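Accompanying notes for the structure given below.
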Amino acid sequence: ERPKKSKDHLVTSWDNNFWLALDFLDVAMAARVCSAYFTSLLCVEIWNEARLSLPDSSKNSSGDKSQQQQLGATSAPGHAYRPPPPSSTAEPVVAAMETAAHTTTATTATASAATTVLKGLDHPTVQSLLLEAYSKIGEPDGLYGACTTLSPDETTRVHLYEHEGQWEKSLSSYDLQMQLPGASFEQQLTQSLQNLSLNHVLLMYLRGMSTVYPHKMDEVAEQQFEAAWRCSVWGGQETSSLHVAEHQGGGFHCHVHSCLGALREGEPDLLQCSLAEARCGVIQSLCRSGHESTFGVYPSLTRLQALLELEEAGREMNTPDPVCFKLWKERLPYMDNDYHFVEPILALRSTILNCLLCRQLQLQTQTLEVQADSCEEMEVER
Numbered sequence: 203e204r205p206k207k208s209k210d211h212l213v214t215s216w217d218n219n220f221w222l223a224l225d226f227l228d229v230a231m232a233a234r235v236c237s238a239y240f241t242s243l244l245c246v247e248i249w250n251e252a253r254l255s256l257p258d259s260s261k262n263s264s265g266d267k268s269q270q271q272q273l274g275a276t277s278a279p280g281h282a283y284r285p286p287p288p289s290s291t292a293e294p295v296v297a298a299m300e301t302a303a304h305t306t307t308a309t310t311a312t313a314s315a316a317t318t319v320l321k322g323l324d325h326p327t328v329q330s331l332l333l334e335a336y337s338k339i340g341e342p343d344g345l346y347g348a349c350t351t352l353s354p355d356e357t358t359r360v361h362l363y364e365h366e367g368q369w370e371k372s373l374s375s376y377d378l379q380m381q382l383p384g385a386s387f388e389q390q391l392t393q394s395l396q397n398l399s400l401n402h403v404l405l406m407y408l409r410g411m412s413t414v415y416p417h418k419m420d421e422v423a424e425q426q427f428e429a430a431w432r433c434s435v436w437g438g439q440e441t442s443s444l445h446v447a448e449h450q451g452g453g454f455h456c457h458v459h460s461c462l463g464a465l466r467e468g469e470p471d472l473l474q475c476s477l478a479e480a481r482c483g484v485i486q487s488l489c490r491s492g493h494e495s496t497f498g499v500y501p502s503l504t505r506l507q508a509l510l511e512l513e514e515a516g517r518e519m520n521t522p523d524p525v526c527f528k529l530w531k532e533r534l535p536y537m538d539n540d541y542h543f544v545e546p547i548l549a550l551r552s553t554i555l556n557c558l559l560c561r562q563l564q565l566q567t568q569t570l571e572v573q574a575d576s577c578e579e580m581e582v583e584r
């Protein structure tokens with residue numbers, strides 16, 4: 203048990219719970235890189251408490267300390283401030299003036315203390331940490347609290363727009379910020395376009411990005427593949443810039459695009475190969491995900507569910523009456539989750555139906571051609 207320290211005892215490192223001299227804001231940033239968002243929030247809280255305990259951030263003058271003592275006395279429950287009784291020669295007006303002056307002093311001390319606490323939270327790094335952490339752990343109340351506490355700048359408002367699903371306002375905000383010199387919000391702008399289901403506009407915009415930002419080709423190509431399969435675009439000028447990225451080994455949406463193309467053309471070997479590569483990539487990302495919150499696992503689970511439905515549709519690419527539609531209908535009641543995670547599966551189902559319809563038309567055409575050839579042979583034999 204740690205011995206109790208007296209007033210005259212000097213504080214040593216043994217009297218501190220944090221023996222290491224660390225900047226916990228740096229620790230919080232490192233935890234964010236590791237997707238340990240709860241640890242990041244804890245370190246930000248420790249950093250703020252340590253910052254308030256410093257002499258520069260605390261009250262320096264003795265007058266301020268007396269104000270804090272008065273504030274504690276007035277705010278303690280059951281110990282309301284009572285002015286000293288006036289002397290027999292003092293007037294009641296003087297006592298009322300003293301009470302009003304003390305109340306004003308206590309109010310000023312309260313506002314000053316609140317300003318001191320919130321001053322460190324206006325740090326840009328702290329703001330981005332809090333907004334990202336509360337968004338990643340799926341804590342809506344915490345995000346609202348952070349947006350209310352922090353300074354009302356453009357970044358805070360856009361985070362609130364995205365949390366509430368107001369993608370039109372977020373798109374307008376990113377468009378305005380992109381006009382500033384040195385601004386780089388291309389990824390956020392394309393995400394807003396996708397959430398508004400403006401897939402064709404997004405595909406055209408990404409074509410321009412691949413030309414303007416060649417160093418971001420991998421990231422842009424992955425978004426292009428996603429916009430392409432959502433729009434059911436399989437060839438032509440829209441996907442001419444994607445062949446290089448496809449041969450170099452793309453990401454998840456590159457393999458999904460390849461799977462859908464194989465399903466449309468009736469190539470089961472290519473479908474199984476692309477499915478295996480996509481599933482391997484999802485499992486690797488699942489292993490690298492953070493272990494502090496299950497909210498970060500949902501995107502990987504959504505992708506695994508999408509690959510499962512692609513595999514089910516691939517088994518019936520040559521069947522005139524696929525059964526996978528009945529399985530999808532049975533799963534609809536269980537998809538009662540955040541629409542952000544359900545929408546990719548519904549969009550993939552729509553594209554799978556389009557591919558299967560094209561495949562059925564190809565099978566019918568092939569059947570008619572075979573029948574026409576057999577009829578011609580029979581006429582020749584006669």
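Quick note: the sequence shown uses the working numbering, first residue 203, plus one each step. Don't be surprised by glycine CBs; every beta carbon is placed ideally from N, CA and C. Quick caveat: nothing in here was measured; it's all calculated off a predicted structure.
Alpha helix (DSSP H) segment containing residue i, residue limits
i: Gly-483; result: 470-490
i: Asp-228; result: 226-235
i: Asp-575; result: 541-583
i: Phe-454; result: 454-467
i: Asp-377; result: 369-380
i: Ser-394; result: 388-397
i: Thr-413; result: 401-414
i: Ser-495; result: First-last for Ser-495: undefined, no H or E at that position.
i: Leu-362; result: 356-365
Inter-residue spacing [alpha-carbon to alpha-carbon] between residue i and residue j
i: Pro-342; j: Met-231; result: 21 Å
i: Asp-540; j: Leu-405; result: 26 Å
i: Ser-399; j: Ala-423; result: 18 Å
i: Thr-521; j: Phe-427; result: 27 Å
i: Asn-397; j: Gln-564; result: 33 Å
i: Cys-349; j: Gly-483; result: 35 Å
i: His-417; j: Phe-543; result: 30 Å
i: Asp-575; j: Arg-561; result: 21 Å
i: Ile-339; j: Leu-333; result: 10 Å
i: Phe-454; j: Asp-420; result: 12 Å
i: His-365; j: Tyr-336; result: 10 Å
i: Asp-377; j: Ser-386; result: 11 Å
i: Val-525; j: Thr-358; result: 47 Å
i: Leu-536; j: Leu-224; result: Per the sequence shown, the amino acid found at residue 536 is Tyr instead of Leu. Going from the Cα of Tyr-536 to the Cα of Leu-224 covers about 47 Å.
i: Ser-242; j: Arg-234; result: 6 Å
i: Arg-481; j: Glu-511; result: 12 Å
i: Thr-392; j: Trp-436; result: 21 Å
i: Phe-497; j: Gln-566; result: 45 Å
i: Gln-368; j: Gln-381; result: 21 Å
i: Leu-362; j: Tyr-346; result: 7 Å
i: Leu-509; j: Gly-516; result: 10 Å
i: Leu-395; j: Thr-413; result: 19 Å
Simplified DSSP state of residue i, which is helix, strand or coil
i: Val-435; result: coil
i: Ser-330; result: helix
i: Ala-385; result: coil
i: Ile-248; result: helix
i: Glu-421; result: helix
i: Gly-340; result: coil
i: Leu-254; result: helix
i: Leu-509; result: helix
i: Leu-222; result: coil
i: Ala-587; result: What the structure shows of the chain is the stretch from 203 to 584, and residue 587 is not part of that stretch, so it cannot be assessed.
i: Pro-279; result: At Pro-279, the pLDDT of 41 sits below 50, so the modelled position is not reliable; the number obtained from the coordinates is stated separately. In the structure shown, Pro-279 sits in coil (DSSP, three-state: anything other than H, G, I, E or B).
i: Ala-335; result: helix
i: Ala-348; result: helix
i: Ser-260; result: For Ser-260, the pLDDT reaches just 46, beneath the cut-off of 50, and the residue's location in the model is therefore unreliable, although a value from the coordinates is still provided. Looking at Ser-260 - three-state DSSP - the assignment turns out to be coil, as it is neither helix nor strand.
- Message: For the pair the segment 537-548 and the segment 503-512, tell me if three or more CB-CB distances fall below 8 Å.
- Response: yes
- So, do the segment 426-439 and the segment 393-409 have three or more beta carbon pairs nearer to each other than 8 Å? yes
- Entirely enclosed alpha helix (DSSP H) segments - the segment 511-538, minimum 4 residues: 526-533
- Message: Under 8 Å, with one C-beta from each stretch per pair, do the segment 457-477 and the segment 550-557 reach the 3-pair mark?
- Response: yes
- Given 8 Å as the limit, is there contact between the segment 469-489 and the segment 508-521, that is, 3 or more CB pairs closer than that? yes
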